[in-house]
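Enquirer:
2 protein chains.
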Amino acid sequence: MPRSTSTSSPKAGPVTLAMVARRAGVSPQTVSNALNSPDLLRPETLERVRRTVDEMGYRPHRAAQALRTRSSKLIGYGIRPTPHGTTTPVMDRFLHALSQAADEAGYRILLFASPPGSAGLEGHEELLDLHHVDGFVLSGTERSDPRQGWLAKRGVPFVGFGRMWSGRQIGDWADVDGASGTDAAVEHLIALGHRRIGFLGWPHGSGVGDDRADGWRRAMRRHGLPVRGRSARSADDLDAARAAVGPLLDAGATAVVAASDVLALGCYHALRERGARPGADVAVVGFDDSPTAALLSPSLTTLAQPLEAVGRECVRLLLARMGRPTAPPERVLLEPSLVVRDSTTLVPAPDD
Amino acid sequence: MPRSTSTSSPKAGPVTLAMVARRAGVSPQTVSNALNSPDLLRPETLERVRRTVDEMGYRPHRAAQALRTRSSKLIGYGIRPTPHGTTTPVMDRFLHALSQAADEAGYRILLFASPPGSAGLEGHEELLDLHHVDGFVLSGTERSDPRQGWLAKRGVPFVGFGRMWSGRQIGDWADVDGASGTDAAVEHLIALGHRRIGFLGWPHGSGVGDDRADGWRRAMRRHGLPVRGRSARSADDLDAARAAVGPLLDAGATAVVAASDVLALGCYHALRERGARPGADVAVVGFDDSPTAALLSPSLTTLAQPLEAVGRECVRLLLARMGRPTAPPERVLLEPSLVVRDSTTLVPAPDD
DNA sequence: CTCAGGCATTGGAGCGTTCCAAGAACCTTA
DNA sequence: TAAGGTTCTTGGAACGCTCCAATGCCTGAG
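Protein chains in written order, with this note's numbering: chain L, 7 to 358; chain Z, 7 to 358.
#1: Ends of the alpha helix (DSSP H) at G146/L?
#2: Can you give the Cα-Cα distance for D4/L and V346/L, rounded to whole angstroms?
#3: Look at the alpha carbon of L323/L and the alpha carbon of A261/L, and state the distance between them as a whole number of angstroms.
#4: Curious, which full-length beta strand (DSSP E) runs of at least 3 residues does the stretch 151-193 of chain Z contain?
#5: For a contact defined as C-beta to C-beta under 8 Å, what are the partners of L271/L on chain Z?
#6: Could you compute how far the alpha carbon of V268/Z sits from the alpha carbon of G292/Z?
#7: F118/Z and G364/Z - do their beta-carbons sit closer together than 9 Å?
#8: Beta strand (DSSP E) containing T58/Z: first to last residue?
#9: Measure the C-alpha to C-alpha separation of G207/L and W171/L and round it to an integer number of angstroms.
#10: For V410/L, which of helix, strand or coil comes out of DSSP?
#11: Just the C-alpha distance for P359/L and L352/Z, rounded to the nearest angstrom, thanks.
#12: L195/Z touches chain L at which residues, Cβ-Cβ below 9 Å?
#13: What in chain Z is Cβ-close to A140/L, meaning under 7 Å?
#14: Starting from the beta carbon of A72/Z, find every residue of chain L whose beta carbon is closer than 7 Å, and list them in chain order.
#15: Can you tell me which of G204/L, R29/L, V316/L and V139/L puts its alpha carbon nearest to the alpha carbon of V192/L?
#16: Just verifying my parser: in three-state terms, what is the DSSP assignment at T260/L?
#17: By Cβ distance below 7 Å, which residues in the same chain neighbour I115/Z in space, the five residues on each side in sequence not counted?
#18: Distance, Cα to Cα, T307/L vs S266/L?
#19: What residue range does the alpha helix (DSSP H) around L206/L cover?
#20: Below 7 Å on C-beta distance, what does R114/Z contact in chain L?
#21: Buried or exposed, going by whether 16 or more other CB atoms sit within 10 Å of the CB of E53/Z?
#22: For the beta strand (DSSP E) containing T307/Z, list its first residue and its last residue.
#23: Answer with yes or no whether the minimum CB distance from D348/Z to chain L is below 9 Å.
#24: Could you tell me if E132/L is buried or exposed, where buried requires 16 or more neighbouring beta carbons within 10 angstroms of its beta carbon?
#25: Quick check on this structure: which residue in Q154/L, I176/L and D294/L has the alpha carbon closest to the alpha carbon of V214/L?
#26: Once you ignore the five residues that flank G155/L on each side, which residues in its own chain have a CB closer than 6 Å to its CB?
#27: Name the residue from A310/L, L198/L, V32/L and R227/L whose alpha carbon lies nearest to the alpha carbon of V288/L.
#28: Would S78/L count as contacting chain Z if we go by Cβ distances under 9 Å?
#29: Nearest by alpha-carbon distance to A257/L: which of G221/L, L277/L, A310/L and R56/L is it?
#30: Given this structure, state the Cα-to-Cα distance separating A194/Z from A300/L, to the nearest angstrom.
#31: According to DSSP, is P334/L helix, strand or coil?
#32: Taking V182/L and V321/L to be in contact with their CB atoms under 8 Å, please state how far apart those CB atoms are, rounded to whole angstroms.
#33: Thinking C-beta only, is S240/L closer than 9 Å to G272/L?
#34: Using DSSP's beta-bridge definition, name the partner residues of S343/L.
#35: Any C-beta of chain L sitting closer than 9 Å to the C-beta of E132/Z?
#36: Please state if the CB of H275/L and the CB of S303/Z are separated by a distance shorter than 9 Å.
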């Protein structure tokens, strides 16, 4: 295995293109061509140059490339701390997926984490030296935030993970179809024989939450089931959820679809308070497939976001945007997948 | 608010240092000095140049700086997928902290996520174009892995989050003192009146796991309490943990210190299997303060890793290493902090 | 008045790469 | 053999910045 054997002088310093050229007996430009436009060279020359490159363990200097080509092969990723201060467990996996997808396209991810305090980041902080990034991926773009406008104005290509729910839509995005997810959850529950299916969501006004509520509502209506008085709202907090879901349970719901795993867990608590067993007496479905979901008992049926796919789409959209800056915006919706666990299947459906 | 008003020609393109110089009536070098060595300029000139810089919204071109100074102000972060495929919930927060700390030092984090398949990453994959990074932070460096040697050989400064437990130690690292954590857990339990305190850990050979076991053992010994037959080992898996901790409980343990939150949860399950209530009948302490810990019922007392501090230390160590490459390695141990929740305080200590 | 010496500023070069246009080699065709 | 068209290769310049050495200016001493 000819692992880049650093030959020649011991005090080498980095190998430059010029050194390779000298050693291979060609001009620097030819070496550059060998790497970037191989079809310009005669096969014979190409082979020789390539061998020399390998022998010397040559790697192009990215800064020099970036300076010359005006492209850094870097994608910025702007993390925004969630308002609640909770780092979404989702972002970890997404970041992995994003990095992966970027890698495959020859790009690398550069982190722009906004300090927890600062609300927006247009305040001179991070984006200042932004022009050494080829594009930008934004996450947590639920509501129209200053960043989009800022980037658009400066002509920096960007793509969002997440729609903007309020304000005018700008730019491309990829998002998870929350409505489709809760819709599928309802279908699942109906197939199990449930009819009195409640929904536990976040307060009105959060785009993501409203979307998830919509899916539940439309599925219920499609099956001719009533929705009035079957939904409750609560902050994404255990105790608040426990309290909020109470009336639904007391009204005889046999299943609850929740807008998050935390809400679902709040539902567990409310059930136990009433001497009922989640999964056995009342089915519960969460959303996000957080690590906790699989650990609960009963394990929680939940909707998993296709983060790998979202990551790939973000990169694809971004590259496309960089290719043709003036093309009309493209938006992609991806389907979450229902992960069926014990919280909906412990027991045959009650017959209402 | 004079937000960088892009003045002058509409089809400007990026503002360069030369343009600023021309407009301010000084040489390019003087502008450079104004930014990098302000004390070289006469206050009057400095003021004038600075104003021009602001007016024109000038930002230095990082690639050009990097090319000239041979320093990219970039820190690579190598994520290694954990063997179990589970992304440690810890890494998310750590990455935030790291990015934060790097930012404050004028550096930015560049992600190097190894594809899930590849075992090591010395295989030409990521580190190839590594020389456009000033330094490297490695995580998941439990056992001596090829990356350290690889980096050391190439003279790339690096720092690890985590000791290397096997093999010869290379380089600087910052780590969390697991032993101190479990020691503190035992102290906490003893203060509550417990005496029969068991330990549930991972199989021997994992450095991190053995470290956590050591802390429990030394605290027990310090208090003259027996350790033989009081510990069990299991994979970091719910069912395995539940089974493994059984004998400890059956032998009359009134408290269990676990090497992870998942193991602790396994303990919950084992207790319920026996009709006992975690927290009330037997105290349980976990490790890591994963998001799940606060959600469990009873909520789990656990050891929180000081990830923000670790992130800061990693950056500090790395910068120091870059400053004086031949200095002796520096190692930093940070104390985890005990987060007391219901699983140890639901009920007064039993009197053995 | 000249000259040393400190301070503020400048010119020129070069970091490593790729673009551009021009050059050398090669093969066809007259 | 010379002219013409490819195909392959080359030299020079430029990207935007900072290093280095040298310049001009001013002050104070000889």
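Backbone N, C-alpha and C fix where the C-beta goes; we use that ideal spot for every residue, glycine too.
Expert: By the coordinates alone:
#1: Here residue 146/L refers to the residue found at position 140 when the first sequence is read from its first residue. From DSSP, G146/L is part of no alpha helix (DSSP H); its letter is neither H nor E.
#2: With chain L running from 7 to 358 in the structure shown, residue 4/L is simply not present.
#3: Translated into positions along the first sequence, residue 323/L becomes position 317. Translated into positions along the first sequence, residue 261/L becomes position 255. The alpha-carbon atoms of L323/L and A261/L are separated by roughly 38 Å.
#4: 164-167 and 178-182
#5: One-based indexing of the first sequence puts residue 271/L at position 265. The contacting residues are L301.
#6: Along the second sequence, one-based indexing puts residue 268/Z at 262. Along the second sequence, one-based indexing puts residue 292/Z at 286. If I take the Cα positions, the gap works out to 8 Å.
#7: Residue 364/Z is absent from the model: chain Z starts at 7 and stops at 358.
#8: As a position in the second sequence, residue 58/Z is number 52, starting the count at 1. Segment P49 to M62 is the alpha helix (DSSP H) holding T58/Z; no beta strand (DSSP E) there.
#9: Position 201 of the first sequence, counted from the first residue, corresponds to residue 207/L. Position 165 of the first sequence, counted from the first residue, corresponds to residue 171/L. So the two alpha carbons sit approximately 17 Å from each other.
#10: Outside the shown range of chain L, which is 7 to 358, sits residue 410/L, and nothing can be said about it.
#11: No statement about residue 359/L is possible, as the shown extent of chain L runs from 7 to 358 and does not include it.
#12: Along the second sequence, read from residue 1 onward, the residue named residue 195/Z stands at position 189. Residues of chain L passing the Cβ test: none, with the nearest at roughly 23 Å.
#13: Your numbering for residue 140/L matches position 134 in the first sequence. Note on residue identity: the sequence assigns Asp, not Ala, to residue 140/L. The contacting residues do not exist; D140/L stays about 11 Å from chain Z at best.
#14: The residue given as residue 72/Z occupies position 66 in the second sequence. In chain order: A69.
#15: Within the first sequence, residue 192/L is the residue found at index 186, counting from 1. The shortest Cα separation from V192/L among G204/L, R29/L, V316/L and V139/L belongs to G204/L.
#16: As a position in the first sequence, residue 260/L is number 254, starting the count at 1. Of the three classes helix, strand and coil, the one that applies to T260/L here is coil, per DSSP.
#17: Residue mapping note: residue 115/Z aligns to position 109 of the second sequence, counting from 1. Cβ neighbours of I115/Z beyond the five flanking positions: I81, Y83, L104, S105 and A108.
#18: Here residue 307/L is taken as the residue at index 301 of the first sequence, counted from 1. Here residue 266/L is taken as the residue at index 260 of the first sequence, counted from 1. Cα to Cα, the separation comes out at about 11 Å.
#19: The residue labelled residue 206/L in the question sits at position 200 within the first sequence. Per DSSP, L206/L belongs to no alpha helix (DSSP H); it is in the beta strand (DSSP E), I203 to G207.
#20: Taking the second sequence and counting its residues from 1, the one referred to as residue 114/Z is at position 108. In chain order: L116 and L117.
#21: What you label residue 53/Z is simply residue 47 of the second sequence in a count that begins at 1. Flag for E53/Z reads exposed.
#22: Locating residue 307/Z in the second sequence gives position 301, where the first residue counts as 1. It spans T307 to A310 - the beta strand (DSSP E) in which T307/Z sits, taken as one unbroken run.
#23: Here residue 348/Z is taken as the residue at index 342 of the second sequence, counted from 1. D348/Z does not count as touching chain L.
#24: Residue numbering aside, residue 132/L sits at position 126 when the first sequence is read from its first letter. Residue placement at E132/L cannot be trusted, given a pLDDT of 49 that sits under 50; what the coordinates show is reported in the next sentence. With 16 or more Cβ atoms within 10 Å of its Cβ, E132/L is classed as buried.
#25: Working through the first sequence from its first residue, we reach residue 214/L at position 208. The candidate whose alpha carbon is nearest that of V214/L is D294/L.
#26: Along the first sequence, read from residue 1 onward, the residue named residue 155/L stands at position 149. Here the set comprises nothing.
#27: Along the first sequence, read from residue 1 onward, the residue named residue 288/L stands at position 282. Measuring from the Cα of V288/L, the nearest candidate turns out to be L198/L.
#28: Residue 78/L sits at position 72 when you count from the first residue of the first sequence. With 9 Å as the cut-off, S78/L counts as an interface residue toward chain Z.
#29: Along the first sequence, one-based indexing puts residue 257/L at 251. Ranking the options by Cα distance to A257/L, first place goes to L277/L.
#30: Your numbering for residue 194/Z matches position 188 in the second sequence. Your numbering for residue 300/L matches position 294 in the first sequence. The sequence as given places His at residue 194/Z; Ala does not occur at that position. About 30 Å.
#31: The residue labelled residue 334/L in the question sits at position 328 within the first sequence. Three-state DSSP puts P334/L in coil, outside helix and strand.
#32: Residue 182/L sits at position 176 when you count from the first residue of the first sequence. Residue 321/L sits at position 315 when you count from the first residue of the first sequence. Wrong, their Cβ atoms sit about 16 Å apart, outside the cutoff.
#33: Here residue 272/L refers to the residue found at position 266 of the first sequence. Here residue 240/L refers to the residue found at position 234 of the first sequence. In contact: G272/L and S240/L (Cβ atoms closer than 9 Å).
#34: Locating residue 343/L in the first sequence gives position 337, where the first residue counts as 1. DSSP, once it has assigned bridges, lists A310/L as partnering S343/L.
#35: Within the second sequence, residue 132/Z is the residue found at index 126, counting from 1. Any reading at E132/Z must be qualified, since the residue scores a pLDDT of 49, below 50, and its modelled position is unreliable; no value is offered.
#36: Counted from its first residue, the second sequence places residue 303/Z at position 297. Counted from its first residue, the first sequence places residue 275/L at position 269. Result yes, Cβ atoms of S303/Z and H275/L sit closer than 9 Å.
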